[in-house]
Structure formats: structure tokens, C-alpha cells
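Peer 1: Sharing a structure here in C-alpha cells format.
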Amino acid sequence: MNFTKDPHSHACPIEAVITHVDWLLTVDFEEKKIAGRGSYQIQHQNASEIILDVKGLVIEKVELEPQSSTPVFWLSEPDSILGQGLHIPLEAQTKRVHISFSSTQDSAALQWLSPEQTAGKTDPFLFTQSQAILARTWLPCQDSPGIRFTYTAKVTVPTHLLPLMSAQNPQEKNSSGTYHFIMERPMPSYLLSLAVGDLQFKPLGERCGVYAEPSIIEAAAQEFLDTENMLEAAETLYGPYLWGRYDLLVLPPSFPFGGMENPMLTFATPTIITGDKSLTSLVAHELAHSWSGNLVTNATWNDFWLNEGFTVYFERRIMEALYGEDYAHMLHVLGYHDLLQTLEELKHTPEDTHLKLQLENRDPDEGLTEIAYEKGNLFLCHLEALLGRVRFDAFVTQYFNTYQFKCIDTASFVSILENELINGNSALRDQINYEAFIFQPGIPAGVAVPSSQRFHQVETQVQLWQQGTAPAELETEAWSTHEILYFLKKMPNTLSTAQLQELDAAFGFTASTNAEIQAAWLQLAIAHQYAPAFPALQAFLLRVGRRKFVLPLYKALLATEAGTQMAREIYQQAKPGYHAVTFSSVDALLAKS
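Rendered as C-alpha cells:
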């Protein structure tokens, strides 16, 4: 197998690589610690050592199999981003390495929640977030997306709680508190996951179901009723689903992302439960990752766009299949606006607006921007427009089939474009202009801007409001969440308190239970010093840890002296409830203010 050098891992897989792991894990809520032992099956050809990644872990013991003498392992000097390399000497006959370890308070992947931080308020909760390079903080591994392995796990938890992993999962609690997990498909370390809580399961179809705390399981099941239909639509587009089951787990609101595509078990934020299925494109997105990302994976985090660009494109094709072209067009337009905003934010570092990133000596989380998602999607939409949908779909299907359970870097993708699409056609190469998309900043000239007929109708209502029509008289009854968000995006740069009060009275934005709408409104409230929304702003930032919402709100507050003071006061209370992925980003923001 070919390996791309990964600047974010100590591992040297070309010399010695993990192929399978059997873990024994014990979850201790009183000590807030995971104690474990891993038996690592390895491949090597007379390598002198194998190197794993660790950070914030205690390595207690290392043994070789076949056993000879106990190896003298050593740890490299700590790096603030990469952690340490765990160097284990090997012998020619070594087939397995056994490592005993335990997590610490510095294990950033882990968030231990008190009962008060959960929906039920009665039991504690634990969840992991391994992407991008945090798997190494809760178990030793070769923590690179370019290294795949299978695994089993035997996990022991308090008997009143249920553990789940990115693997074949139990659907109910047992009396022993010990559970067995199997992942038969090779996967990278960033997709390793564990959640433990008072959880129930409800089926959504033959292959799909949802886990959640008892108090929200019915609402979650109702929200995600279309999941099986999404899975079937995805298979119709790009071939069979190869992971067996596709289940969802609704996490507490401190979860730092909208969703995390852990194989067989997507982790999802509760902020997408609105009662009207209006935000379930996130489910389509995480499902699409079962092909783009989990099946065909970016070799390094510099190639992250190959995961997310394909996934955004695929997600919107699923939504189009289920809800029509007009619906998908709205998603493309909103995404394009997000891309333009990101380009403005990154104007002083234009190299970060290339699809192919240069993240060496940087935290790979710095590459988790809309560039990978929306510029990547724009590039694929551009390819579809040039090639036609039939030809482009055949290309994507072949791509997934050819590279399934493998990793790919940007250079390899360019070779695929050249060999399988361009094939010596210089005129087509000029039209595709992949150099500009992949290796240059911004949006290439001449690329079609997405549009939406439904959003044109929204713009008409905005104009009517600006001309004096009362909000209650606007034609908004049939609007989806996306149309409301676009309505808020099209607000004029200057709004009076009276105008904000009028909008708030008509639409109830400040008290909205839709997190997308409330977050967009709160940004307007901050920008225009709309004080009636500030108690809701504080409550939102104390309750929700999703980075997509949290960072823009803190950024908006930090734009003024009074807002900076408010931001610091709120954050002092909110930080203990945030996952490390979120609070490290907010810490960086505050350090610059």
C-alpha cells in the first residue's frame, strides 16, 4: 500500500503499520478516566520500531508478541500540536504489540458531562471527538487519515448506561455493563468514537435507527424519519452502502460540530431538531460521508477538500432527489454566501483559500473552513456543468468504486482528472481550470454563481418590507428555514431598534427554538446593539457548544469594546460546558482581542 507523508502524525507507516486492534476499555466516570489495553496487529519488514501517536495519555506498559524481552519504549519530546511519538522497538518476528494506557485530564477528545449538562439531568455522559488529530488523546494509534485498520473493543461502563462506538452497536442495555464491538471495515483513526450515557434506541427503517436520551428520543425519531429514504437515494446516485447499518446518535448540545460521520453511527447535534425536518440536510451530509470520506479518504489534512467538497456536493444531490431542485438550489446559494464570507475573513491569508492546503506546523483544525466545503462543492458543480450530469455521475461512481477503503491525495486526484476526464483535451483542461480552483486563492473567474427562484421571491418580500409593508403582511407563511435565513442575510446594513423590534414581534426571532434562525438573528442583534436579545444571546452561548454558532457570535461581540466585555463575562461561565474543539477556538479569538 502507498502512503503519503503526513505532517500531522509521528507514524512511519511505510516501515511499520497497524492493520487491526483489539481494545479493552473501562470507562470510569468518578475518576473521569478511560483505562485501556490495546493489542495491535502490525505489518512490517524487519523494521527496527513502530511509532504511534499519543497526547495526554499515560503509557503504563508495552509488550511484544511473540514475547521475548520487554521492550524499552520511549516518547519523543512533546509538541503542542502533535503530542508525542510512542517509539516501540520491534523484533523480526513481532506480529503484535500490546499497550496498556489510561487517559488524563489533558485528553482533549473526551468530554465528560455532568448530569446537569444532559437532556435528562439525571446521569452523566461521555463522548469523544477524534477529528482531526484528537484520537491520539484517548488511545494510542497511528493518527493519520492515510492509515486504515479494523478493530474490536470490549467496553465496560456503569450498568445503568449504554456505550456506543463507530462499529456494530447494541440496541439496549444489558445487566453486566460490558459490551462487545466489531468494525470489520478498515477505517482511519479520526473516525474512532465512543459515547456513553442513558440512551435509548428507536428504529427508523430496516438499516437505520436513532439513539438519544429518553426525554428526546421521540422528537429525534420524528425529525429523522426520512433517513432510510436518504440512504436509498444515496445508493441510487453512487452505488451500494458498504457499512451495514446507518444509525444516528443525538448528543448533548455541547457537541462541537453539527455532525460527525463516525462509521455506522453519525454523531449529531440536538440543534438540528426543529420539529419540521428543515435542518436534516446535515443528516444527508453525514450520510454522504459514508462514501466521500469514510470510503475514499483524504490522505492528509492538507487534502481535506477531497472529503468535504465531495460530501457537500453529494449531500445536495440527495436533498434534490428527495425534495426537488428548488430546495437544493437554496442550499447551494446559502453555501455560496458562506464561502464569500469566509473568503473575506481569510483575505489576509489568501493561501488558506486554496483547496490544497499547507497546514504543516499548524493545527489541522485551521483547515476546517468553508473553503474545503463550499469551494470544493463549487468546483464539483463546475465539473458537472462542463461534463453534463450523466458523464459526471459516472465519473464519481467509478471514483468511489476504484478507491473504496483507500486514501487519496490531491496530486492523485489531479492525475485522475487528467487521465479519465481531460484525456489530452486541452480545451477541456482550460475550461476546467483545476489549477485555479485547487492551487490558487479565491474563486476563479467565469464560474457560474448559484441562484434560487425561491430566494428571488424572498428578495421581493425584503423590498416590500423596506418600502413600508408591515412584516405580518409579507408572504412568508410557506417559508422554510432556508428562506428565513436568506431573509435575514438580505437585511440592510443599518437597522434601527424600531425595525428590529418590528421584525422580532412579527417572527419571534429572539425566542426562536430553531438554532440556525436564532443564531443568525443574534448576530444581527449584536451588530445593531439590540439589547432585548442579549439575555437570549447569553442563554444560547451557555447552552450550545456547536462551533459553527459559537465562533461567529463571539467574533461579533469582540468587534466593540462593550461587546468584548460581554463576551469575556459570558465565556467565563460557558467555557466549562464547551468541548476542547470549541473552547480552544474561542481562546484563540479572545487572545487576539
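Quick note, the sequence shown lines up with residues 5 to 597 if you use this note's numbering. Think of the CB as a built atom: it goes at the ideal place given N, C-alpha and C, for glycine as much as any other residue.
Among I22, C212, I46 and E370, whose alpha-carbon lies nearest the alpha-carbon of Q135?
Peer 2: E370
Peer 1: Mapping the DSSP letters down to three states, classify L541 as helix, strand or coil.
Peer 2: helix
Peer 1: On the DSSP bridge list, what partners appear for M187?
Peer 2: Y155
Peer 1: Can you tell me whether K36 is helix, strand or coil according to DSSP?
Peer 2: coil
Peer 1: Could you check whether the segment 81–96 touches the segment 173–191, counting it as contact only if at least three pairs of C-beta atoms, one from each stretch, sit closer than 8 angstroms?
Peer 2: No, the segment 81–96 is not in contact with the segment 173–191.
Peer 1: Might you give, ordered along the chain, the residues of its own chain that have their beta carbon closer than 6 angstroms to the beta carbon of V451, omitting 5 neighbours on each side?
Peer 2: H386
Peer 1: Tell me, please, whether the segment 276–291 touches the segment 313–324 by the rule of three or more beta-carbon pairs shorter than 8 angstroms.
Peer 2: yes
Peer 1: Please return the same chain residues whose Cβ sits closer than 6 angstroms to the Cβ of P454, not counting the five positions on each side in sequence.
Peer 2: H336, V337 and Y340
Peer 1: Can you give me the Cβ contacts of T346 inside the same chain, cut-off strictly under 8 angstroms, excluding the 5 residues immediately before and after it?
Peer 2: Cβ within range, chain order: T357, T373, E374, I375 and E378.
Peer 1: Leaving out five residues on either side along the sequence, give the residues of the same chain with a beta carbon under 8 angstroms from the beta carbon of E239.
Peer 2: Here E239 has Y245 as same chain residues with Cβ atoms under 8 angstroms from its own Cβ, once five neighbours each way along the sequence are excluded.
Peer 1: With 16 as the cutoff for other CB atoms within 10 Å, does F404 come out buried or exposed?
Peer 2: By the neighbour-count criterion, in which a residue is buried when 16 or more other Cβ atoms sit within 10 angstroms of its Cβ, F404 is buried.
Peer 1: Based on Cα-Cα distance, which residue from G472, D32 and E53 lies nearest to A199?
Peer 2: D32
Peer 1: Could you check how far apart the C-beta atoms of D413 and T275 are, in whole angstroms? I think they sit under 8 angstroms.
Peer 2: That pair is no contact at about 34 angstroms.
Peer 1: Would you identify the three-state DSSP class for T108, choosing helix, strand or coil?
Peer 2: coil
Peer 1: Find out if the Cβ-Cβ distance for the pair E227, K281 is shorter than 8 angstroms.
Peer 2: yes
Peer 1: May I ask you to verify whether the segment 514–526 touches the segment 487–500, counting CB pairs closer than 8 angstroms and requiring at least 3?
Peer 2: Pairwise C-beta distances place the segment 514–526 in contact with the segment 487–500, as three or more of them are shorter than 8 angstroms.
Peer 1: Can you give me the C-alpha to C-alpha distance between M169 and A96, rounded to a whole angstrom?
Peer 2: When rounded, the distance between both Cα atoms is 34 angstroms.
Peer 1: Could you pull the start and end residues of the beta strand (DSSP E) that G89 belongs to?
Peer 2: Q88 to P93
Peer 1: Quick check on this structure: which residue in L203, S107, L283 and T464 has the alpha carbon closest to the alpha carbon of T517?
Peer 2: L283
Peer 1: Indicate the three-state DSSP secondary structure (helix, strand or coil) for E67 in the structure shown.
Peer 2: strand
Peer 1: Give a yes or no on whether 8 angstroms exceeds the smallest Cβ distance from L593 to chain D.
Peer 2: Looking at the structure shown, chain D is missing, and only one protein chain is on hand.
Peer 1: From the DSSP output, read off the bridge partner residues of E53.
Peer 2: P93
Peer 1: Assuming L545 and I574 are in contact, meaning their beta carbons sit under 8 angstroms apart, how far apart are those beta carbons, in whole angstroms?
Peer 2: 5 angstroms
Peer 1: In the DSSP output, what is T160 paired with across the bridge?
Peer 2: T30 and T182
Peer 1: Restricting to Cα atoms, I'd like to know which of H164, T501, P119 and T586 is closest to Q533.
Peer 2: T501
Peer 1: Between N266 and the rest of its own chain, which residues show a CB-CB distance below 6 angstroms, the 5 nearest in sequence each way excluded?
Peer 2: S170, L195 and S197
Peer 1: For the segment 105–123 against the segment 74–81, are there 3 or more C-beta pairs whose distance is under 8 angstroms?
Peer 2: no
Peer 1: Buried or exposed: which applies to R395, given that a residue is buried once 16 or more other Cβ atoms fall within 10 Å of its Cβ?
Peer 2: exposed
Peer 1: Count the other C-beta atoms from every protein chain shown that fall within 10 angstroms of the C-beta of S73, then say buried if there are 16 or more, exposed otherwise.
Peer 2: Counting the other CB atoms within 10 Å of its CB gives S73 a total below 16, which places it among the exposed residues.
Peer 1: Opposite S296 in the DSSP bridges: which residues?
Peer 2: V300
Peer 1: Roughly how many angstroms lie between the CA atoms of E324 and Y331, to the nearest whole one?
Peer 2: 6 angstroms
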